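Q:
Residue numbers (my numbering): 128 to 288.
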């Protein structure tokens, strides 16, 4: 084979495809912008939905942090705070709310008649219980398994007595 000889004599390095195959190959190799645009639209919608839900969260709460009475005078006798969901928070107990759990279980406890063995140890995924310390209250919640506490409850609703 000589250098000056035309390329067609040496054999073809590039194969010709029919027009339809060439178009199909080109469309497969060029990345489509549709998935990127769709992802951006979904991200914006997700952020917007999250923002709207965060603004309306207190609508499902009774006497929550936006309650005018809770900001001016603190919790008043007879006021109810927390979730309206009676199916989830069906267990209830009454007593005086105190700070402190038992061996890492609960952040607060209810003192009830009968001594320490009758205490109900409390956490809350809905309320800030610190504003009710030393008040006589009735709580509704969901009982959880505990290792040290006789009764461990996640409080969802509270009424000042």
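Note that beta-carbon positions come from the ideal geometry of N, C-alpha and C, so glycine has one too. All of these numbers come straight from a predicted model, not from anything done at the bench.
In terms of alpha-carbon separation, which member of 269, 261, 262 lies closest to residue 249?
A: Nearest of 269, 261, 262 to residue 249, Cα basis: 269.
Q: Helix, strand or coil: which one does DSSP assign to residue 220?
A: strand
Q: In whole angstroms, what is the alpha-carbon distance linking residue 161 and residue 177?
A: Taking the straight line from one Cα to the other gives about 24 Å.
Q: Count the other CB atoms within 10 Å of the CB of residue 252; is the residue buried (16 or more) or exposed (fewer)?
A: exposed
Q: Can you list, in chain order, the residues of its chain with a C-beta nearer than 7 Å to that of residue 243? Leave out the 5 residues immediately preceding and following it.
A: none
Q: Rounded C-beta distance between residue 276 and residue 229? I'm assuming under 8 Å.
A: 5 Å
Q: Going by the DSSP bridge assignment, what does residue 208 pair with across the sheet?
A: 285
Q: Grab me the residues of residue 180's own chain with a C-beta within less than 6 Å of its C-beta, minus the 5 sequence neighbours each way, in chain order.
A: none
Q: In three-state DSSP terms, what is residue 214?
A: coil
Q: How big is the Cα-Cα spacing for residue 167 and residue 174?
A: About 11 Å.
Q: Do residue 206 and residue 287 count as a contact pair if the criterion is CB distance below 8 Å?
A: yes
Q: Just to confirm before moving on: does the CB-CB distance between residue 262 and residue 219 stay below 8 Å?
A: Residue 219 is positioned such that its CB atom lies no closer than 8 Å to that of residue 262.
Q: Going by DSSP, which residues form a beta bridge with residue 267?
A: 219, 284
Q: In three-state terms, what does DSSP make of residue 253?
A: It is coil, neither helix nor strand.
Q: Could you give the first and the last residue of the continuous beta strand (DSSP E) run that contains residue 238?
A: 235-238
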